[in-house]
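So in my numbering, spot 163 of the sequence shown is number 163, and the numbers just go up one at a time. Backbone N, C-alpha and C define an ideal beta-carbon position, used for all residues, glycine too.
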Amino acid sequence: MSTTRVKEHHALYGELAAIVGSKYTTDADFALWAVSRDTSVMPEKIPGIIVRPGSTEEVSEIVRLANLTNTPVIPRGGGASLFGLPAGIPGRSLVIDLTRMDKIIEINEENMTVTAEGGITTSELGTKLIEKGYFANLAFMPYYADTLGGLLAGVYGAGAGHRLCTQGANHHDVVGLKVVLPTGDVIQTGGGPGTNVHQKTTYTRECGSPDMTGMFLADAGIFGIKTEATLLIYPHEKIFNSRSYLFDTFDDLWRALSTLQRIEPYPYTMMIGVDPKGATAMTGQPSTSWVLLNALKGYTEEEIAAKVKACAEVCKAAGGRPGTEVLNGLAAAANDGAMLAEMGRFASLGSWNFLESVVSTQEAPRLFMKFREIIDGHIKEHGLEKYGVTRVDLLFPVQHNYYYSSTDVFWMDNSPDARKKFLELADVYNHLVANEGAFPGVHQRHPVESMASNWSPTFYNYVRTLKRTLDPNNIMNPGQWRL
Ligand SMILES: Cc1cc2nc3c(=O)[nH]c(=O)nc-3n(C[C@H](O)[C@H](O)[C@H](O)COP(=O)(O)OP(=O)(O)OC[C@H]3O[C@@H](n4cnc5c(N)ncnc54)[C@H](O)[C@@H]3O)c2cc1C
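(1) If you draw a straight line from the alpha carbon of alanine 438 to that of serine 357, how long is it in whole angstroms?
(2) Just to confirm, does arginine 419 get its C-beta within under 7 Å of one of the non-hydrogen atoms of ligand 1?
(3) Would you mind stating whether threonine 202 and glycine 192 have Cβ atoms separated by less than 8 Å?
(4) Please state whether DSSP places asparagine 473 in a helix, a strand or coil.
(5) Count the other CB atoms, across all protein chains shown, that sit within 10 Å of the CB of cysteine 311; report buried if there are 16 or more and exposed otherwise.
(6) Taking 7 Å as the cut-off, does the CB of arginine 372 come closer than this to any heavy atom belonging to ligand 1?
(7) Quick check: threonine 122 and leucine 98, are their CB atoms within less than 8 Å of each other?
(8) Do leucine 296 and serine 242 have their beta-carbon atoms positioned less than 8 Å apart in this structure?
(9) Would the C-beta of glycine 150 count as close to ligand 1, meaning under 7 Å from any of its heavy atoms?
(10) So, using beta-carbon positions, are leucine 260 and glycine 273 closer together than 8 Å?
(11) By the three-class DSSP mapping on this structure, what secondary structure does isoleucine 89 have?
(12) Under the criterion of a Cβ to heavy atom distance below 7 Å, does lysine 226 qualify as lining ligand 1?
(13) Would you mind giving the Cβ-Cβ distance between isoleucine 62 and isoleucine 96, rounded to the nearest angstrom? I have them listed as a contact below 8 Å.
(14) Hey, could you find the ends of the alpha helix (DSSP H) proline 72 is sitting in?
(15) Can you name, in chain order, every residue of its own chain whose Cβ lies under 6 Å from the Cβ of glutamate 44, other than the five neighbours on each side?
(16) Considering only heavy atoms of ligand 1, does any lie closer than 7 Å to the CB of serine 81?
(17) Pair every Cβ in the segment 212-231 with every Cβ in the segment 178-196, then say whether three or more of these pairs are closer than 8 Å.
(18) Can you tell me where the beta strand (DSSP E) holding asparagine 353 begins and where it ends?
(19) Just checking my contact of tyrosine 403 with valine 359 at CB under 8 Å: how many whole Å lie between their CB atoms?
(20) Could you tell me whether the segment 378-385 touches the segment 443-456, where touching means 3 or more Cβ pairs closer than 8 Å?
(21) Do leucine 349 and alanine 281 come within 8 Å of each other at the CB atom, strictly closer than that value?
(22) Quick check on the DSSP output: the beta strand (DSSP E) that includes glycine 388 runs from which residue to which?
(23) Counting pairs of beta carbons, one from the segment 385-392 and one from the segment 465-472, are three or more of them closer than 8 Å?
(24) Tell me which residues share the same chain as asparagine 67 and place their Cβ nearer than 7 Å to its Cβ, disregarding the 5 neighbours each side in the sequence.
(25) What does a CB cutoff of less than 7 Å around lysine 132 pick up in its chain, not counting 5 residues either side in sequence?
(26) Flag this pair as touching only if the segment 76-88 and the segment 9-25 have three or more C-beta atom pairs under 8 Å; answer yes or no.
(27) Quick one: residues in its chain with C-beta nearer than 6 Å to the C-beta of glutamine 188, no 5 flanking neighbours on either side, listed in chain order?
(28) Residues in the same chain with beta-carbon distance under 7 Å from leucine 367, minus the five sequence neighbours each way, listed in chain order, please.
(29) Considering only C-alpha positions, which residue in the set Trp290, Ala332, Ser40 is nearest to threonine 269?
(30) Within this structure, are the beta carbons of alanine 116 and isoleucine 130 separated by less than 8 Å?
(31) Confirm the yes/no value for this check: CB of threonine 115, any heavy atom of ligand 1, distance under 7 Å.
(32) To the nearest angstrom, report how far apart leucine 232 and histidine 172 are at their CA atoms.
(33) Report the three-state DSSP secondary structure of aspartate 376 (helix, strand or coil).
(34) Can you tell me where the beta strand (DSSP E) holding tryptophan 481 begins and where it ends?
(35) Run the CB neighbour count on arginine 262, radius 10 Å, all protein chains shown included, and call it buried at 16 or more, exposed below.
(36) Of all the alpha helix (DSSP H) runs that stay within the bounds of the segment 3-34, which reach a length of 4 or more residues?
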């Protein structure tokens, strides 16, 4: 007689298999384990069951069932989050993996919009658009894994996009969403069919109703599942150039960054300030200078030449001098969204703490230097150097009004102690950022919790009221934002 214990199916296995088919339903341990982590060193959260729906209708049926049975739901795209997946209830949660919903529904060349399913990867969508001569402001990275729905639930509201430094994050490029609410109802935002019964296409979100699209952007997946999105598209700029400039001090670098960032239209497509240690780590060549990486895209050679000239003049006036070919190459890699893929050295520096924040332009130089100082102090005080710390500090404008500041800390994950200590560092950073009135890169669980702990009682109650109204049983990503 065998003593092997056969694991019982999840309570909803049969009903879920009836909706999506048993081929797309599993509660096998190896599959649950495979979706229990994101890209970070945050502890795993093992769910109870996974389904892979193929349509909005199937998502709606699944969510309706989850709502009736009080089963926590975790929508999942590429699992590319950087700081922890939603907790759900380990052993019980229902993961809805959206990656089968990967179709482009329409490229509307007259309205200049694209409508695609929420599970399409940003690489697939971006590549198909480029083949047609268009471009959408998708994720800057990680190009190959994240999905459209995950991106829109996520960082800085709607993806810190490819043209991050000239068009900002994607908020304004999203003209409409199809969302399965936590009750299973399906809504279309953006005045398209389903909102206004007379309107055949979704082409703007500004008219026809209060802006119901915005509340689903950067919600960390608490208000519903984005199964379709309509985004603006642009003609693809085919001409490309990249430059770099070296500065003796941060003040000189800041003079160049802040001058260029005020010019309208922007004379650059991507501009990143890098500290000397970061430049050394990313290129493998010792650098004592602060570096400005400058990527330029355009429609004609004349346009690019004018942009290069404008940037070179500002950098020279701020005390800059031209950088090396290697740094010019780094600027190119940074721009095409494949920095990590291309910069093998950068990617192999160890486990990664991605300490990122958004700061106002006014506060950017002070906070960037303060965050570095405090991280340095923490590393020294807690003896973290012994884990082989490498640092890369980046500062770049998103639009005129705000900057993105990040300190990437790489370390050797060679003891449980190391992991614990670096998670503590992330906590210290996220709280510091929130206390300074800035924003840690949100939607991943860890920074979202730090951010929500700084909400005023009035704001917390406002969000909780919305959540309770849309999700009376609190099934959709329960616990995110401390809700
Ligand atoms: C190396 C690296 C670089 C990165 N750089 C950038 C960058 O430049 N710009 C940027 O914006 N981000 C960046 N990120 C972060 C990443 O783009 C975001 O974490 C994104 O949300 C991941 O999408 P995903 O499909 O993998 O989502 P997942 O990791 O699967 O899920 C993330 C969250 O979104 C929710 N969610 C997923 N799909 C949906 C849906 N359809 N509807 C509602 N909620 C959903 C999940 O429940 C979860 O809370 C980077 C990540 C890595 C690893």
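So, to answer that:
(1) 7 Å
(2) no
(3) yes
(4) coil
(5) buried
(6) no
(7) no
(8) yes
(9) yes
(10) no
(11) coil
(12) yes
(13) 6 Å
(14) First-last for proline 72: undefined, no H or E at that position.
(15) Ser36, Arg37
(16) yes
(17) yes
(18) 351-360
(19) 5 Å
(20) no
(21) yes
(22) Counting along the chain, glycine 388 falls outside any beta strand (DSSP E), and DSSP gives it neither H nor E.
(23) no
(24) Pro182, Thr183, Gly184, Asn473, Ile475
(25) Ile107
(26) no
(27) Lys178, Gly194, Thr195
(28) Val359, Ser405, Glu436, Ala438
(29) Ala332
(30) no
(31) no
(32) 9 Å
(33) helix
(34) Note, tryptophan 481: premise wrong, no beta strand (DSSP E); not H, not E.
(35) exposed
(36) 13-20, 29-34
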